[in-house]
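Asks: So in UniProt numbering, spot 115 of the sequence shown is number 115, and the numbers just go up one at a time. Idealized CB from N, CA, C, for every residue including glycine. Just so we're clear, the structure is a prediction, and the values are computed from it rather than from any experiment. This structure is in structure tokens; I'll ask about it shortly.
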Amino acid sequence: MRELQHRIIHELGSGGFGTVYKSRLMPFGRVIAVKVLHKGDQEDEQWEKSTDLAYKGEGTILPSLNHPHIIRAFHSQGWGTPQVEIFMDLMDGTLADLAWSLVRPYRALADTVLCQILQALDYLNGLGLVHRDVKPQNIFYTRPPRPFPGSTTPDSTMLLLRHHHFRLGDFGLCDSESAVSAALSPRGSYPYMAPELLATPRPRHAQSHKSDVWALYVTVLWTLNVRGLRRTMERTGVIGEVLADEVFYLDNGLQHLEGMAQVNPRHRASARRMLKTLGWKRPVE
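Dropping the structure here:
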């Protein structure tokens with residue numbers, strides 16, 4: 001496959017193993033996102049393992065996926081060089097950006113994210129994969145085209161949020177459940193880690209698809225800013241044990257989250273079970 005040419009417009013963001021750019025495909029003119037993975041010159045063995053995992057997740061696993069609520073990677077190039085480029089659809093922003101931009105938390109936003117990302121997690125679980133880094137910064141969205149039904153009503157913001165399309169992205173930590181459960185130490189973003197990953201001593205085979213469900217539970221609480229959770233997480237970094245000690249799902253009529261909030265992963269609902277609880281029905285193909 002021939003290499004695609006593109007012209008960088010500006011940087012969108014960067015992480016531990018790469019940088020994402022808004023770019024223009026040449027000569028077509030289509031605006032896309034390009035994630036550049038940097039191998040780096042680090043001699044640290046742990047760094048090498050981490051970058052190898054990022055290459056596997058972003059460069060191998062992600063392009064093989066096909067789901068409406070997972071970021072689409074349509075091309076990659078540069079394998080065998082220090083710089084691999086992953087070409088992806090351009091999104092309008094992250095859930096984190098969107099939530100902070102609103103004048104108040106909207107239940108419509110949290111419900112939409114919950115249902116759509118549960119579908120993504122159910123799909124990954126069906127393939128035996130664990131994402132390991134579900135959080136607002138890794139959930140991306142596109143706005144609906146205007147006008148949409150009800151866009152001129154007083155409740156247009158709520159209706160607009162229900163028409164947003166969300167996709168799970170950043171697959172740098174994604175791996176098979178067998179590899180994840182055998183790992184000596186858990187991976188992920190600390191405030192979103194499930195209680196079993198923070199236990200001492202940590203149980204064997206602790207990290208699983210149930211850990212992703214917990215992370216989405218915390219993401220929903222963050223989106224709704226339950227008990228001022230956003231600022232608390234910024235200031236102190238709320239961790240799994242703290243959330244496990246509080247019955248957060250009873251606040252604001254969130255009893256439907258009870259299955260996700262179970263401290264014991266054996267009792268925690270899977271993504272598919274949660275979808276059934278919420279009354280979601282799989283579209284007829």
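1. Using alpha carbons as the reference points, say which of Leu95, Ile70, Ser189 and Leu124 lies closest to Leu161.
2. Below 7 Å CB to CB, which residues in the same chain sit around Thr19 once its five sequence neighbours on both sides are set aside?
3. Could you check whether the region 118-131 touches the region 81-91, counting it as contact only if at least three pairs of C-beta atoms, one from each stretch, sit closer than 8 Å?
4. How would you write the range of the beta strand (DSSP E) that Gly19 sits in, first residue to last?
5. Select from Gln77, Pro68, Asn138 and Val103 the residue whose C-alpha is nearest the C-alpha of Ser14.
6. Three Cβ pairs or more, each shorter than 8 Å: is that satisfied between the region 128-138 and the region 269-283?
7. Would you tell me roughly how many angstroms separate the C-alpha atoms of Arg171 and Ser76, rounded to the nearest one?
8. Determine the contact status of Arg132 and Gln207, defining contact as a CB-CB distance below 8 Å.
9. Determine which residues share a DSSP beta bridge with Met88 and list them.
10. On a Cα-Cα basis, can you pick out the residue from Ala110, Ala33 and Ala99 that is closest to Met91?
11. What would DSSP say about Gly126, mapped onto helix, strand or coil?
12. Could you please give the first and the last residue of the uninterrupted alpha helix (DSSP H) stretch that includes Ser178?
Replies: So, from the data block:
1. For Leu161, the nearest C-alpha among the options comes from Leu95.
2. Excluding positions up to five away in sequence, the list reads Glu11 and Val36.
3. No: fewer than three Cβ pairs fall under 8 Å.
4. Here residue 19 is Thr; the residue named in the question, Gly, does not match the sequence. Gly18 to Met26 is the extent of the beta strand (DSSP E) around Thr19.
5. Asn138
6. The region 128-138 makes no contact with the region 269-283: fewer than 3 CB pairs, one atom from each, lie closer than 8 Å.
7. Rather than Arg, the amino acid found at residue 171 in this sequence is Phe. Going from the Cα of Phe171 to the Cα of Ser76 covers about 14 Å.
8. Yes, they are a contact pair.
9. Ala33 and Ala73
10. Ala33
11. helix
12. Glu177 to Ala182
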